[in-house]
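K.L.:
The structure's right below; bear with me while I get my questions together.
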């Protein structure tokens, strides 16, 4: 018997995406044929949408129920293109993905000192990072970064869009962050037989 879908899980349209993610996708040179990591993926609103756009998507989350719901939603659509692969991970631990495995990484509504450093090596040269913290409601503001902190963590990237909104909290001046960054091409190693310059 197929698993019953949770009322919070359904197949998303582009209107279900975070408005910031939607605006970032419009800026990418292409939005199909990509290897995508969505971490944490939750019920899969971004993962499912991107998989249906003919991408190979890894939906990574710590909650097995949410991953099961994403997969159940994917199976109800029975798409002819794209792929969704749920992976159970703790974003605070070492991630089980190869370096430079993804063209696009989404980190939406998640804040951690470790997550940016963990996902940047997973992005191929020319690939993109979309990062969006949660809004500052209640105690959420305690975990938000200070101004400039997030952009400083993406060395080797060109920050294409950075929006920081100051929030007053007990922890001092912190900001909500929305950021789109592109990984720069790595320098090519010198040719072995190239003449040496003295």
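Numbering (our numbering), first residue to last: 1 to 198. Cβ atoms here follow ideal geometry from the backbone N, Cα and C, with glycine treated the same way.
(1) Identify the continuous alpha helix (DSSP H) that holds residue 64 and give its terminal residues.
(2) In chain order, what residues of the same chain lie with their CB nearer than 6 angstroms to the CB of residue 38, ignoring the 5 residues before and after it?
(3) Measure from the alpha carbon of residue 165 to the alpha carbon of each residue in 154, 156, 66 and 135, then state which is nearest.
(4) Given that a residue counts as buried once 16 or more other Cβ atoms are within 10 Å of its Cβ, and exposed if not, what is residue 133?
(5) Helix, strand or coil: how does DSSP classify residue 157 here?
(6) Hey, residue 181 and residue 158 are a contact pair by Cβ (cut 8 angstroms); roughly how many whole angstroms apart?
(7) Do you know offhand how far residue 103's Cα is from residue 83's?
(8) Short of 7 angstroms in beta carbon distance, which residues of its chain neighbour residue 42, apart from the five on each side in sequence? Order them along the chain.
(9) Rounded to the nearest angstrom, what separates residue 160 and residue 118 at their Cα positions?
(10) Taking the continuous alpha helix (DSSP H) assigned at residue 89, which residues delimit it?
(11) Should residue 150 be labelled buried (16 or more other beta-carbon atoms within 10 Å of its own) or exposed?
(12) Tell me the rounded alpha-carbon separation between residue 111 and residue 173.
(13) Would residue 51 pass as a contact of residue 74 if the rule is Cβ separation under 8 angstroms?
(14) How should residue 1 be labelled, buried or exposed, when 16 other C-beta atoms within 10 angstroms of its C-beta is the threshold for buried?
(15) For residue 18, which residues of its own chain have a beta-carbon under 7 angstroms away from its beta-carbon, when the five flanking residues on both sides are left out?
(16) Which first and last residues belong to the alpha helix (DSSP H) in which residue 123 is found?
(17) Between the Cα of residue 30 and the Cα atoms of 95, 70 and 53, which residue gives the shortest distance?
P.N.:
Taking the coordinates as given:
(1) 64 to 77
(2) 46, 47, 59 and 106
(3) 135
(4) buried
(5) strand
(6) 6 angstroms
(7) 15 angstroms
(8) 61 and 66
(9) 20 angstroms
(10) Note, residue 89: premise wrong, no alpha helix (DSSP H); not H, not E.
(11) buried
(12) 16 angstroms
(13) yes
(14) At residue 1 the pLDDT is 38, less than 50, meaning the model places this residue with poor confidence; the figure from the coordinates comes in the next sentence. Residue 1 comes out exposed.
(15) 108 and 132
(16) No alpha helix (DSSP H) holds residue 123; the beta strand (DSSP E) holding it covers 123 to 132.
(17) 53
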